[in-house]
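Visitor:
In this note's numbering, the protein residues as written are 1105 to 1386.
1. Skipping 5 residues on each side, what residues in its chain have a beta carbon closer than 6 Å to that of residue 1189?
2. Compute the Euclidean distance between the alpha carbons of residue 1375 and residue 1324, then round it to the nearest angstrom.
3. Report yes or no: do three or more beta-carbon pairs, one from the region 1205 to 1212 and one from the region 1261 to 1270, lie closer than 8 Å?
4. Could you check whether residue 1180 and residue 1387 sit closer than 8 Å to each other, using their CB atoms as the reference points?
5. Within 10 Å of its beta-carbon, does residue 1130 have 16 or more other beta-carbons around it, so buried, or fewer, so exposed?
6. So what does DSSP say about residue 1466, is it helix, strand or coil?
7. Taking C-alpha atoms, which residue in 1250, 1145, 1243, 1332 lies nearest to residue 1225?
8. Counting along the chain, where does the beta strand (DSSP E) carrying residue 1326 start and finish?
9. Out of curiosity, what's the CA-to-CA distance linking residue 1182 and residue 1277?
10. Answer with buried or exposed for residue 1106, where buried requires no fewer than 16 other C-beta atoms within 10 angstroms of its C-beta.
11. Suppose the cutoff is 8 Å on Cβ atoms and the five residues either side in sequence are ignored; what does the same chain contact list for residue 1193 look like?
12. If we call anything under 8 Å between Cβ atoms a contact, is residue 1266 one with residue 1332?
13. Do residue 1330 and residue 1346 come within 8 Å of each other at the CB atom, strictly closer than that value?
14. Please classify residue 1117 as buried or exposed, where buried requires at least 16 neighbouring CB atoms within 10 angstroms.
15. Note the first and the last residue of the continuous alpha helix (DSSP H) segment covering residue 1220.
16. How would you write the range of the beta strand (DSSP E) that residue 1136 sits in, first residue to last?
17. Determine the direct distance from the alpha carbon of residue 1109 to that of residue 1162, and round the result to whole angstroms.
18. Is residue 1320 closer than 8 Å to residue 1341 when the C-beta atoms are compared?
19. Can you say whether residue 1289 is buried or exposed, counting buried as having 16 or more other CB atoms within 10 angstroms of its CB?
20. How close, in whole Å, do the beta carbons of residue 1206 and residue 1230 come, if the pair is a contact with beta carbons under 8 Å?
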């Protein structure tokens, strides 16, 4: 059973009765005016082999309940709400997640390493427009599946980790599946939407195959130092946005390997000693 009530003018709190649909596998309540906290009652009777939850674009607040990860979640979209506090450690129990969107909330603290170590299947991680601080964890470069990384518009500092060039999922050709269950039996499509911001433009992908996109957005932070030449190893990167930081130095020669990229943006608040490569399109 799928419950889709998105893009209405629904108000009030989310009812606890949502937790009691035995065969429910998808909830889409995005673009409404729901308030309060998410009920903490999930997973008590549901028997679906996978579950997708989209509560984005509401006015929900508080913390993410622990019971959410008792569901076999493959996609969790809570972006554009009023959630606050540190990223809850209980999210590390959502081990089947392919997509996690917590962007445009009020989360604070650092990006925890467990988020990367305990979610090995994660393909898309969107944390943009929160109040996150500290360094980008070097463990990010060890992740085997990530294809969409959006940490833009936070207060992240320090250098860009060199081992981001080890993101193996961005070194292989993008795949588009005709069968949405084709990826080792997992739900390879997110039956909702995700926004990827590059060069100040917001692209919205609806019912996207997550393996067809490869994008990194670290813009509008407080990152410093030089652009790691190791990013040139990501031969199928389609979007790279490092604008709005305090980066210095040259554009590494190895970035020229990104011949498949069409949306490279590194130019704001950065000093250059070389010109843009002529084949970089806008």
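Built from N, CA and C at the ideal position, the CB exists for glycine as well.
Guide: On the basis of the supplied data:
1. Counting from 1 along the chain shown, the entry for residue 1189 is found at position 85. 1167.
2. For this step, residue 1375 is matched to residue 271 along the chain shown. For this step, residue 1324 is matched to residue 220 along the chain shown. Here residue 1375 scores only 32 on pLDDT, less than 50, and its place in the model should not be relied on; the value that follows carries that caveat. The alpha-carbon atoms of residue 1375 and residue 1324 are separated by roughly 16 Å.
3. Output reads no: the region 1261 to 1270 does not touch the region 1205 to 1212.
4. Residue 1387 lies beyond the stretch modelled for the chain, which goes from 1105 to 1386, so this question has no answer here.
5. The residue you call residue 1130 lines up with position 26 of the chain shown. The residue in question, residue 1130, is buried, as its Cβ has 16 or more Cβ neighbours within 10 Å.
6. The requested residue 1466 does not occur in the structure, where the chain is confined to residues 1105 to 1386.
7. For this step, residue 1225 is matched to residue 121 along the chain shown. Comparing Cα positions, the closest option is 1250.
8. The residue you call residue 1326 lines up with position 222 of the chain shown. Taken as a continuous stretch (DSSP letters only), the beta strand (DSSP E) holding residue 1326 covers 1326 to 1329.
9. Position 78 of the chain shown, counted from the first residue, corresponds to residue 1182. Position 173 of the chain shown, counted from the first residue, corresponds to residue 1277. For residue 1182 and residue 1277, the distance between alpha carbons rounds to 29 Å.
10. Your numbering for residue 1106 matches position 2 in the chain shown. By the 10 Å Cβ count, residue 1106 comes out exposed.
11. In the chain shown, residue 1193 corresponds to position 89, counting from 1. So the list reads 1216, 1218, once near-sequence residues are dropped.
12. The sequence position of residue 1266 within the chain shown is 162, counting from 1. The sequence position of residue 1332 within the chain shown is 228, counting from 1. Yes. Within cutoff.
13. Here residue 1346 refers to the residue found at position 242 when the chain shown is read from its first residue. Here residue 1330 refers to the residue found at position 226 when the chain shown is read from its first residue. Taking 8 Å as the cut-off, the beta carbon of residue 1346 is found no closer than this to the beta carbon of residue 1330.
14. Translated into positions along the chain shown, residue 1117 becomes position 13. The residue in question, residue 1117, is exposed, as its Cβ has fewer than 16 Cβ neighbours within 10 Å.
15. Stepping through the chain shown from its first residue, residue 1220 is reached at position 116. Residues 1218 to 1221.
16. Working through the chain shown from its first residue, we reach residue 1136 at position 32. Premise fails: residue 1136 is in no beta strand (DSSP E) and is neither H nor E.
17. Along the chain shown, one-based indexing puts residue 1162 at 58. Along the chain shown, one-based indexing puts residue 1109 at 5. Each residue's Cα considered, the two are about 12 Å apart.
18. The residue labelled residue 1341 in the question sits at position 237 within the chain shown. The residue labelled residue 1320 in the question sits at position 216 within the chain shown. Yes, Cβ-Cβ distance for residue 1341 and residue 1320 is below 8 Å.
19. Position 185 of the chain shown holds residue 1289. Confidence at residue 1289 is low in this model, with a pLDDT of 29, below 50, so its placement is unreliable and no value can be given for it.
20. Position 102 of the chain shown holds residue 1206. Position 126 of the chain shown holds residue 1230. Sure, about 7 Å apart at Cβ, within 8 Å.
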